[in-house]
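Take a look at the structure below.
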Amino acid sequence: MIIKMNVTTQNNRLLSIDLARGLAVFFMIAVHTLEVFASEEVKNSVFGQIIEFFGGPPAAPVFMTLMGFSFMYSRKSELKPRLLRGFKIFLSGYILNILRGVIPFTLSTQLEMDIAKTFPLEKLNEYTILTIVDILQFAGIALIIMALIQEFKINKYIILFTAFLISMLSPFLWGLNLNIPVIDQISELFWGDQPIEFSFIANKIAFPVFPWLSFPLLGMFLGDTMKNSKDQSTTFKYLGIIGILVLVIGVAISYSNVDYHFNDYYHSRQGGMLFMCGFVVFWLYINKLILDKVPQNKFFDLLFRWSNGVTNIYFAQWIIIIWSIAFFGINQSSYVTIILLILTFTFISHFINEFIIFRQNKNKIKQTE
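For the sequence shown, my numbering assigns the number 340 to the initial residue and increments by one for each residue that follows.
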């Protein structure tokens, strides 16, 4: 049996989207493990650079684009529940900051553990860690914005053009502040830029709304286009070609100054954003081709489950990784150790997700009895 692109899952999500998101889950765990534990030799090796790449455009940009894509396929269109969901995801980002950051940081410093001696305490403290802006805070804000966009029925081409403008103009906003603490705390969610440059913490503001909102807006455009397409395979083929063209334009713009355009990845400038947006669209087409050519198998089923449990796995892998620093240190591990850790963290995160799904299904059964 060969799965075709236009076959959907039971909740009406395209299987190629679940494949891309499932792969992104594994790439995410791999790159987080590399950044936290790998020695400089491993990080700078071909092995390390491959993981860094797949943990780049095929990971977070894919997650965020597919969030917008899936949003357009969702049967739930009421504004209030979507706003509430966005707010809950936003708050969950701070809960994660406490569990993976504030608690282990406080324990390590209070107990005067050896690892605490490596912390740049002039930049890192409990408050800084609590207020780190990660992907969950951004995702919550993005969901709220997308809900408002859909409520006002904004044309998909206006959405796409807005995504383009955000990717081009965001660098001019970064770091702007009014020196009013409360307002600046809010504004940093949108255009903050506070480099920390400590190991895996490059910037306190890892996912500012500008430019990252470009990806879910792009996803909304793609989702609306595919949802209303009479020939999804042909449509995706054309989108894949356009993706390659945008990717090439991004490379051409970035060629003269790669460091400037890709910056710290979280604050990529014009060339970097065009490259990643083009790559994401082309990557989704590649996933479509894979499902067209490769028969359904257990590996695909596993990736589909990871796609459905992406938030559970995101929480689990970060908590496991950060608390494991006490045993493996920061940026000290060899090739073999990194490979084993990637597999171990993936294995544990998978079973935590399975347990959560089991509990959720059990509760649903009880409610129907």
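Glycine included, C-beta positions come from ideal geometry on N, C-alpha and C.
The criterion of a C-beta distance shorter than 7 Å is satisfied by Gln476 and Gly432. Taking the C-beta atoms as reference points, Val370 is found nearer than 7 Å to Gly394. Taking a contact to require three or more Cβ pairs closer than 8 Å, the stretch 618-636 and the stretch 594-609 do not qualify as touching.
Taking C-beta atoms under 8 Å as the contact rule, Ile687 and Ile660 fail to qualify, at a distance of about 10 Å.
Short of 6 Å from the beta carbon of Glu374, and not among the five residues preceding or following it, lie these beta carbons of its own chain, in chain order: Phe539. Contact annotation: Ile535 and Lys462 have beta-carbon atoms nearer than 7 Å. CA-CA distance, Thr501 to Phe537, rounds to 33 Å. Only residues of its own chain outside the window of five on either side were considered, and among them Leu586, Gly589, Val590 and Ser593 have a CB closer than 7 Å to the CB of Phe614, listed in chain order. DSSP links Ser672 through a beta bridge to Ala377.
Looking at the DSSP output, Ile544 bridges to Val472. With contact defined as three or more Cβ pairs closer than 8 Å, the stretch 569-576 and the stretch 632-641 are not in contact. If you look at Pro534, you'll find it in the beta strand (DSSP E) that goes Pro534 to Phe537. Distance from the CA atom of Ala478 to the CA atom of Leu430, rounded to whole angstroms, is 11 Å. Judged by DSSP in its simplified three-state form, Trp513 adopts coil rather than helix or strand. In the same chain as Met485, and ignoring 5 residues on each side of it, the C-beta atoms closer than 7 Å to its own belong to Gly407, Phe410, Pro555 and Met559, in chain order. The beta carbon of Thr457 is closer than 7 Å to those of Ile669 in its chain, skipping five residues each way along the sequence.
By the Cβ neighbour-count rule, Glu527 is buried, with 16 or more other Cβ atoms within 10 Å of its own.
Here DSSP, grouped into helix, strand and coil, assigns Gly579 to helix. For Arg608, there is no enclosing alpha helix (DSSP H), as DSSP marks it with neither H nor E.
Non-local beta-carbon contacts of Pro510 in its own chain, meaning distances under 7 Å to residues more than five positions away in sequence, involve Arg608 in chain order. Pro396 and Gln489 have their alpha carbons spaced roughly 26 Å apart. By the CB criterion at 7 Å, Ile493 and Phe549 fall outside the cutoff. Taking Gly610 as the centre and dropping the five residues before and after it, the same chain places the C-beta of Gly589, Ile592, Ser593 and His600 closer than 7 Å to its C-beta, in chain order. The Cβ atoms of Phe575 and Tyr624 sit closer than 7 Å to each other. Minimum Cα-Cα distance from Asn692 among the listed residues Val364, Leu353 and Ser355 corresponds to Val364. Collapsing the DSSP output to three states places Ile493 in coil.
Between Leu422 and Ile483, the beta carbon gap of about 6 Å places them in contact (Cβ cut-off 8 Å). Within the model, the alpha-carbon separation for Ile519 versus Phe684 is close to 41 Å. Taking a C-beta distance under 7 Å as the contact criterion, Gln656 and Ile390 do not qualify as a contact pair. The continuous alpha helix (DSSP H) containing Pro443 extends over residues Ile442 to Gln449.
Taking a contact as a CB-CB distance under 8 Å, the pair Lys637 and Tyr412 does not count as one, their CB atoms being some 25 Å apart. Within the model, the alpha-carbon separation for Ser673 versus Ala541 is close to 22 Å.
For the pair Phe690 and Ser646, the Cα-to-Cα distance works out to about 14 Å. Taking all protein chains in view, the Cβ of Asp640 is surrounded by fewer than 16 other Cβ atoms within 10 Å, so the residue is classified as exposed. Our two residues, Met612 and Phe376, have alpha carbons roughly 28 Å apart in a direct line. At a Cβ-Cβ threshold of 7 Å, Val619 and Val401 count as neighbours.
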